[in-house]
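Asker: Quick one: the structure is below, questions incoming.
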Amino acid sequence: MTRRAIIAGTGSALPVRRVSNEELARTVDTSDEWIVERTGIRYRYIAGENETTGTLATEAARRALDAAGIAPEQVKLIVLATATPDQTFPSTATKVQTALGIADCVAFDVQAVCSGFLYALGVAESMIRGGTADVALVIGSETFSRILDWEDRATCVLFGDGAGAVVLKAEEGERGVLSVKLHADGRHNQLLYVDGGPSTTGTVGKLRMKGSEVFRHAVVNLATVLGETLEAVGLSAEDVDWVVPHQANRRILDATARKLGLPPEKVIITVDRHANTSAASVPLALDEAVRDGRIKRGDLLVLEAMGGGFTWGAAAVRY
Numbered sequence: 618m619t620r621r622a623i624i625a626g627t628g629s630a631l632p633v634r635r636v637s638n639e640e641l642a643r644t645v646d647t648s649d650e651w652i653v654e655r656t657g658i659r660y661r662y663i664a665g666e667n668e669t670t671g672t673l674a675t676e677a678a679r680r681a682l683d684a685a686g687i688a689p690e691q692v693k694l695i696v697l698a699t700a701t702p703d704q705t706f707p708s709t710a711t712k713v714q715t716a717l718g719i720a721d722c723v724a725f726d727v728q729a730v731c732s733g734f735l736y737a738l739g740v741a742e743s744m745i746r747g748g749t750a751d752v753a754l755v756i757g758s759e760t761f762s763r764i765l766d767w768e769d770r771a772t773c774v775l776f777g778d779g780a781g782a783v784v785l786k787a788e789e790g791e792r793g794v795l796s797v798k799l800h801a802d803g804r805h806n807q808l809l810y811v812d813g814g815p816s817t818t819g820t821v822g823k824l825r826m827k828g829s830e831v832f833r834h835a836v837v838n839l840a841t842v843l844g845e846t847l848e849a850v851g852l853s854a855e856d857v858d859w860v861v862p863h864q865a866n867r868r869i870l871d872a873t874a875r876k877l878g879l880p881p882e883k884v885i886i887t888v889d890r891h892a893n894t895s896a897a898s899v900p901l902a903l904d905e906a907v908r909d910g911r912i913k914r915g916d917l918l919v920l921e922a923m924g925g926g927f928t929w930g931a932a933a934v935r936y
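Quick look at the structure:
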């Protein structure tokens with residue numbers, strides 16, 4: 618039998634404060650109509666003073682462990698995807714480790730922006746398949762509100778904060794992560810980036826984006842990598858029960874589904890309520906669909922995302 622990494626449990630966490638488009642329009646030159654028409658977003662969650670990437674990640678991890686029925690001390694690997702860590706170092710993963718009361722395990726961060734969760738999943742799945750660990754936490758957590766330029770209405774309306782997590786467990790059988798395909802192309806740096814960093818400006822910086830160019834690349838890259846991921850395991854779009862996509866923009870989600878010939882009812886959508894939570898968006902959407910009963914054991918899922926870099930990737934998972 619094949620040793621695989623199965624998803625044993627999912628969890629998510631959101632900040633306390635929910636911000637509507639109408640509330641945002643009181644301080645930003647925008648409107649509910651303008652935002653909904655271009656993005657599909659109606660709400661986003663913004664982290665408060667005592668809420669950080671680490672605290673949200675820890676809460677999501679606890680919920681995933683509870684859902685899996687696994688004690689924290691059984692975790693031997695934590696891979697946390699984030700572009701907004703609590704500190705430059707040490708990793709936010711080690712803060713989650715400490716908060717969960719885990720004395721010793723492998724713990725590190727992965728930085729691939731909105732594709733971060735897919736990259737983290739690929740790393741953790743490889744380490745489980747290779748025998749490095751039997752139980753892993755894979756987390757996507759972000760506080761993008763801390764790197765937004767709140768005077769730039771083209772970007773600040775798009776993003777929110779949150780965290781999502783899955784527990785991966787080694788099992789032999791047909792379920793689990795079947796295929797992960799990852800890509801990057803650094804030539805497109807200036808289309809989506811943050812204009813700061815420790816070794817360049819000594820500052821955190823603010824997010825900058827050329828939205829129309831990102832949109833064009835996203836639709837092509839996501840459709841291509843979804844097909845590539847399914848082909849690797851001898852499956853096609855007709856076999857897919859659910860697509861769990863990165864929640865960047867409703868128009869990107871709709872265009873990608875059309876390009877693949879997938880009916881919209883097979884696509885999990887949370888962007889209207891959460892906005893773009895970067896590395897957190899895929900596990901947030903996954904957890905919601907698992908908990909409300911849409912996603913069931915045995916379903917074939919495709920997870921996909923694209924982010925700054927550009928980075929992009931997809932995973933086929935038999936849940």
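Residues 618 to 936 in the numbering used here are what the sequence shown spells out, letter by letter.
The C-beta atom is built at its ideal place from N, Cα and C for all residues, glycine as well.
Got a sec? Which residues, its chain only, sit under 6 Å from Ile623 by beta carbon, not counting five neighbours each side?
Answerer: Excluding residues within five positions, the ones whose Cβ falls inside 6 Å are Lys786, Glu788, Arg792 and Gly793.
Asker: Measuring CA to CA, which of Ala922, Trp651, Val636 and Val934 is closest to Phe734?
Answerer: Cα-wise, what sits closest to Phe734 is Ala922.
Asker: Check for me: the beta strand (DSSP E) holding Lys798 runs from which residue to which?
Answerer: Looking at the DSSP string, the run of the beta strand (DSSP E) that includes Lys798 is Gly793 to Ala801.
Asker: In or out: Glu905 buried (at least 16 other Cβ within 10 Å) or exposed?
Answerer: Flag for Glu905 reads buried.
Asker: What is the residue span of the alpha helix (DSSP H) that Met618 lies within?
Answerer: Segment: none, Met618 is in no alpha helix (DSSP H) and carries neither H nor E.
Asker: Ignoring anything shorter than 4 residues or poking outside the segment 673–730, list the alpha helix (DSSP H) runs there in chain order.
Answerer: Whole alpha helix (DSSP H) segments, 4+ residues: 709–716.
Asker: Between Arg621 and Ala892, what straight-line distance do the alpha-carbon atoms span, to the nearest angstrom?
Answerer: Their backbone Cα atoms lie some 32 Å apart in a straight line.
Asker: Report the three-state DSSP secondary structure of Ser648 (helix, strand or coil).
Answerer: Coil, per DSSP.
Asker: Can you confirm whether the segment 800–813 touches the segment 829–847 when touching is taken to mean that 3 or more C-beta pairs between the two stretches lie within less than 8 Å?
Answerer: These segments touch.
Asker: With DSSP as the reference, label Asp778 as helix, strand or coil.
Answerer: If DSSP states are grouped into helix, strand and coil, Asp778 belongs with the strands.
Asker: In whole angstroms, what is the alpha-carbon distance linking Ser732 and Arg661?
Answerer: One C-alpha to the other measures close to 19 Å.
Asker: Any idea if Met744 is buried or exposed, counting beta-carbon neighbours within 10 angstroms, 16 or more meaning buried?
Answerer: Buried: at least 16 other Cβ atoms inside 10 Å.
Asker: Output needed for Asp871: all residues of its chain with C-beta closer than 7 Å, excluding positions within five of it in sequence on either side, in chain order.
Answerer: Within the same chain, Asp871 has close Cβ partners Pro881.
Asker: Taking 8 Å as the threshold (beta carbon to beta carbon), is Ile624 in contact with chain D?
Answerer: Looking at the structure shown, chain D is missing, and only one protein chain is on hand.
Asker: Report the three-state DSSP secondary structure of Val633 (helix, strand or coil).
Answerer: If DSSP states are grouped into helix, strand and coil, Val633 belongs with coil.
Asker: Going by CA-CA distance only, name the one from Ala753, Arg890, Val811 and Thr894 that's closest to Thr627.
Answerer: Of the candidates Ala753, Arg890, Val811 and Thr894, the one whose C-alpha sits nearest the C-alpha of Thr627 is Ala753.
Asker: Can you tell me which of Phe761, Ile756 and Leu879 puts its alpha carbon nearest to the alpha carbon of Leu697?
Answerer: Ranking the options by Cα distance to Leu697, first place goes to Ile756.
Asker: Taking the alpha-carbon positions, what's the Glu855 to Leu847 distance?
Answerer: Cα to Cα, Glu855 sits roughly 10 Å from Leu847.
Asker: DSSP beta-bridge partners for Arg825?
Answerer: DSSP lists Tyr810 as partners of Arg825.
Asker: Using alpha carbons as the reference points, say which of Cys722, Ile687 and Phe761 lies closest to Leu970.
Answerer: Nothing about residue 970 can be reported from this structure: the residues present for the chain run from 618 to 936 only.
Asker: With a threshold of 6 Å on Cβ separation, who are the neighbours of Leu631 within its own chain once the five nearest residues in sequence on each side are excluded?
Answerer: Excluding sequence neighbours, Leu631 sits near Tyr662 and Gly779.
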